[in-house]
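Asks: Residue numbers (this note's numbering): 452 to 629.
Each residue gets a CB set at the ideal place from its N, CA and C atoms; glycine is no exception.
Before I ask anything, let me first share the structure, which is written out below as structure tokens.
Here it is, written out as structure tokens:
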């Protein structure tokens, strides 16, 4: 019988609560978190430090993670600084996309993976799933759409190889003049 593997199913079940509902808390934001902290501290975005972002994520995760069935975090500021405060019965998802996404001259958003991170590292870190945020516009150039599709396929293949669930978050964005 083919279908979902026992390991993948076990990880999916760990993301849900006792009623089978997904009550996920997302704290994987990086560029928007930097902007919010800069505004709160009345300083420039470039002046916000790694420690300030990590500390904000630490306290938010510590306060809210116990009320979620799973916590979505990032491997840069979140996971290494917050894993100890995520309850053992709360699942963990780790984001794999770069934030903010690079843009072309015409404003098309490209999908770029976090440099130095991988599905294998996500699995070894003990996460229950990989999350990939994809900004998509069906009117983007063929090369941008193909690049996005290729990265989505690549991550899917990696997740299949490492037997870990793959959550794809698609956000449609506007393009000027379209």
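Where does residue 571 land, buried or exposed, given buried means 16+ other C-beta within 10 angstroms?
Replies: exposed
Asks: Taking 7 Å as the cut-off, decide whether the C-beta atoms of residue 583 and residue 548 are in contact.
Replies: yes
Asks: Alpha carbon to alpha carbon, how far is residue 460 from residue 454? Give it in angstroms, no decimals.
Replies: 10 Å
Asks: Taking the straight line between their C-alpha atoms, what separation do you get for residue 600 and residue 480?
Replies: Whole-angstrom Cα-Cα distance: 23 Å.
Asks: Measuring alpha carbon to alpha carbon, tell me which residue in 569, 588, 591 is nearest residue 581.
Replies: Checked all of 569, 588, 591; the closest Cα to residue 581 is 569.
Asks: Spatial neighbours of residue 559 within its chain, please: CB distance less than 8 Å, with the 5 preceding and 5 following residues excluded, ordered by chain position.
Replies: Around residue 559, the same chain offers 588, 591, 592, 595, 626 as residues with beta carbons nearer than 8 Å, after the five sequence neighbours per side are excluded.
Asks: Considering only residues of the same chain and omitting the five flanking positions on each side of residue 538, which have a CB-CB separation below 7 Å?
Replies: 516, 517
Asks: Going by C-alpha to C-alpha distance, which of 525, 604, 541 sits closest to residue 565?
Replies: 525
Asks: Please report the Cβ distance between residue 507 and residue 488, rounded to the nearest whole angstrom; I am assuming they are in contact, meaning their Cβ atoms lie under 8 Å.
Replies: 6 Å
Asks: Between which two residues does the beta strand (DSSP E) containing residue 477 stretch?
Replies: 475 to 477
Asks: Locate the alpha helix (DSSP H) running through residue 460, then write down its first and last residues.
Replies: 457 to 466
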